[in-house]
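Its first residue numbered 1, the sequence shown is counted upward by one per residue in the UniProt record's numbering.
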Amino acid sequence: MGTQTPLKLPTIDFNDLNMDDSNNNCKWEEVKSKVYNALIEYGCFEAIFDKVPLELCKELFPSLEELFDLPIETKKLNASKKPYHGYVGQFPMVPLYESMGIDDANVLEKVEAMTNILWPNGNPNFSKTIHCFSEKLSELDKIIRKIVLESLGVEKYLEEHMNSTNYLVRVMKYKGPQTSETKLGLSSHTDKNVVTILCQNQVDGLEILTKDGKWISFKPSQPGTFIAMIGDALHSWSNGRLHSAFHRVMMSGNEARYSAGLFSIPKGGYLIKAPQEMVDDDHPLLFKPYDHVDFLNYYYSPQGQTDQFALRTYCGV
Ligand SMILES: O=C(O)CCC(=O)C(=O)O
Ligand SMILES: [Fe+2]
Numbered sequence: 001m002g003t004q005t006p007l008k009l010p011t012i013d014f015n016d017l018n019m020d021d022s023n024n025n026c027k028w029e030e031v032k033s034k035v036y037n038a039l040i041e042y043g044c045f046e047a048i049f050d051k052v053p054l055e056l057c058k059e060l061f062p063s064l065e066e067l068f069d070l071p072i073e074t075k076k077l078n079a080s081k082k083p084y085h086g087y088v089g090q091f092p093m094v095p096l097y098e099s100m101g102i103d104d105a106n107v108l109e110k111v112e113a114m115t116n117i118l119w120p121n122g123n124p125n126f127s128k129t130i131h132c133f134s135e136k137l138s139e140l141d142k143i144i145r146k147i148v149l150e151s152l153g154v155e156k157y158l159e160e161h162m163n164s165t166n167y168l169v170r171v172m173k174y175k176g177p178q179t180s181e182t183k184l185g186l187s188s189h190t191d192k193n194v195v196t197i198l199c200q201n202q203v204d205g206l207e208i209l210t211k212d213g214k215w216i217s218f219k220p221s222q223p224g225t226f227i228a229m230i231g232d233a234l235h236s237w238s239n240g241r242l243h244s245a246f247h248r249v250m251m252s253g254n255e256a257r258y259s260a261g262l263f264s265i266p267k268g269g270y271l272i273k274a275p276q277e278m279v280d281d282d283h284p285l286l287f288k289p290y291d292h293v294d295f296l297n298y299y300y301s302p303q304g305q306t307d308q309f310a311l312r313t314y315c316g317v
């Protein structure tokens with residue numbers, strides 16, 4: 001009996017690639033085809049992107065440790081009206097998990113305002129690190145979205161598409177379960193936003209479900225890489241062409257896992273609607289137009305929280 005090669009996500013190198021490279025540039029075309037194929041097949045891929053330098057990631061994780069070491073009463077000051085945009089933790093189902101969020105983290109003043117709530121005596125290093133991380137990583141978000149729209153042949157909507165979102169940085173801590181047994185860190189879900197780009201410390205745990213039902217354990221191919229993932233908003237906008245993958249976090253051992261993600265999120269009031277070019281006889285419309293914030297109200301309701309296919313229930317045709 002032969003041994004099976006473990007499943008692995010595609011790794012795509014974005015170094016030396018710029019937004020304005022799109023006209024007749026070989027590297028752009030090569031990356032474009034890899035990205036599009038990965039998003040159809042897996043809904044995600046590993047990205048090498050040195051505009052966020054390794055040194056910045058090395059500064060980020062100690063900052064996150066400092067953040068999550070704050071007293072619980074302080075962490076709760078990271079409040080938001082939107083679910084999962086502020087402090088989340090102490091859930092009986094996933095006791096290892098905690099997360100915090102910073103809206104518009106690409107805007108320095110917004111980060112500073114949150115930092116000053118958490119550290120009344122200030123923490124300029126924290127603000128600088130989070131702001132720099134989101135500002136630089138938002139370039140990768142924009143490259144990916146431009147590639148997606150070009151690949152779908154609908155780049156004429158690029159400006160509207162880019163203007164329809166905000167950025168949230170969410171940072172996560174998963175305690176080590178202190179056993180050799182594997183424990184659930186974060187339940188299986190699809191992201192609801194447009195694109196998510198994540199990085200992690202040296203502790204693995206993220207798993208991605210393939211279309212044929214196999215879990216891939218994500219192992220970065222080198223330190224400082226990212227995983228980029230499509231959320232339901234882009235799945236529905238592309239009328240199902242791009243896959244939004246179920247994923248979860250499984251934890252074992254003693255060490256805590258820290259991760260940070262940049263989420264591009266549709267603005268409230270903007271109607272997510274597959275362009276007419278995405279709909280034809282072979283691709284009948286899958287979802288009625290919907291507002292992301294209204295959909296989240298359903299998703300975070302008691303019924304929505306037990307609904308694996310919440311978007312389909314909410315606005316499936
Ligand atoms: O921590 C991770 O790697 C995954 C986090 C995640 O899936 C999420 O925040 O939606
Ligand atoms: Fe997720």
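Where a beta carbon is used, it is the ideal one built from N, C-alpha and C, also for glycine.
query                                                                                                          : result
Nearest candidate by alpha-carbon position, reference Leu-271, set Ser-236, Ser-22, Asp-20                     : Ser-236
Within 8 Å, strictly: CB atoms of Ala-233 and Val-194                                                          : yes
Rounded straight-line distance, which links the Cα of Leu-149 to that of Gly-185                               : 34 Å
Stretch pair the segment 44-64 + the segment 80-94: three plus CB contacts closer than 8 Å                     : no
Residue from Val-111, Pro-266, Val-249 with nearest C-alpha to Lys-192                                         : Pro-266
DSSP beta-bridge partners of Ser-99                                                                            : Val-88, Met-172
CB-CB length for Phe-218 against Ile-227, believed under 8 Å                                                   : 6 Å
Bounding residues of the beta strand (DSSP E) (the contiguous stretch that carries residue 371)                : Because the chain is modelled from 1 through 317, residue 371 falls outside the range shown and cannot be assessed.
Alpha helix (DSSP H) segment containing Tyr-299, residue limits                                                : 292-299
Simplified DSSP state of Met-1, which is helix, strand or coil                                                 : Caution applies to Met-1, whose pLDDT of 49 falls short of 50 and renders its modelled position unreliable; the value that the coordinates give is listed next. Three-state result, Met-1: coil.
Thr-196 Cβ short of 7 Å to ligand 2 heavy atom set                                                             : yes
Buried or exposed (CB count within 10 angstroms, at least 16 for buried), Cys-199                              : buried
Per DSSP, the bridge partner or partners of Trp-28                                                             : Note: Trp-28 sits in no beta bridge, so no partner.
Which of helix, strand or coil DSSP assigns to Phe-61                                                          : helix
Cα-Cα separation, Glu-66 to Leu-206                                                                            : 23 Å
CA-to-CA distance, Pro-71 to Gln-157, given in whole angstroms                                                 : Here residue 157 is Tyr; the residue named in the question, Gln, does not match the sequence. Spanning the two alpha carbons is a distance of roughly 45 Å.
Sequence-distant residues of the same chain with beta carbon closer than 6 Å to Asp-21, five excluded per side : Trp-28
Candidates Cys-132, His-243, Gly-176, Gly-224, of which the one nearest Asn-15 by Cα                           : Gly-224
Limits of the unbroken alpha helix (DSSP H) element including Val-148                                          : 124-151
Heavy atom of ligand 1 within 7 Å of Met-172 beta-carbon                                                       : yes
Every unbroken beta strand (DSSP E) inside the segment 200-260 [3 residues or more]                            : 206-209, 215-217, 226-230, 247-253
Coil, strand or helix - Val-107 by DSSP                                                                        : coil
Pro-10 and Lys-34 closer than 8 Å at C-beta                                                                    : yes
Where the alpha helix (DSSP H) through Glu-160 begins and ends                                                 : 158-163
Any non-hydrogen atom of ligand 2 within 7 Å of His-247 CB                                                     : yes
Three-state class that DSSP yields for Lys-183 in the structure shown                                          : strand
Check: Asp-307 C-beta below 7 Å from any heavy atom of ligand 2                                                : no
Spatial distance of Met-1 from Ser-252 (CA atoms)                                                              : With a pLDDT of only 49 at Met-1, under the threshold of 50, the placement of this residue in the model should not be trusted; the figure read from the coordinates follows. For Met-1 and Ser-252, the distance between alpha carbons rounds to 30 Å.
Inter-residue Cα distance where the pair is Thr-115 and Glu-277                                                : 44 Å
Member of Lys-32, Ser-259, Asn-25 whose CA lies at the smallest distance from the CA of Glu-98                 : Ser-259
Host alpha helix (DSSP H) of Thr-313 (start-end)                                                               : 310-315
Distance between Leu-140 and Asn-37 (C-alpha atoms, nearest Å)                                                 : 17 Å
Whether Val-52 touches Ile-102 by CB criterion (8 Å)                                                           : no
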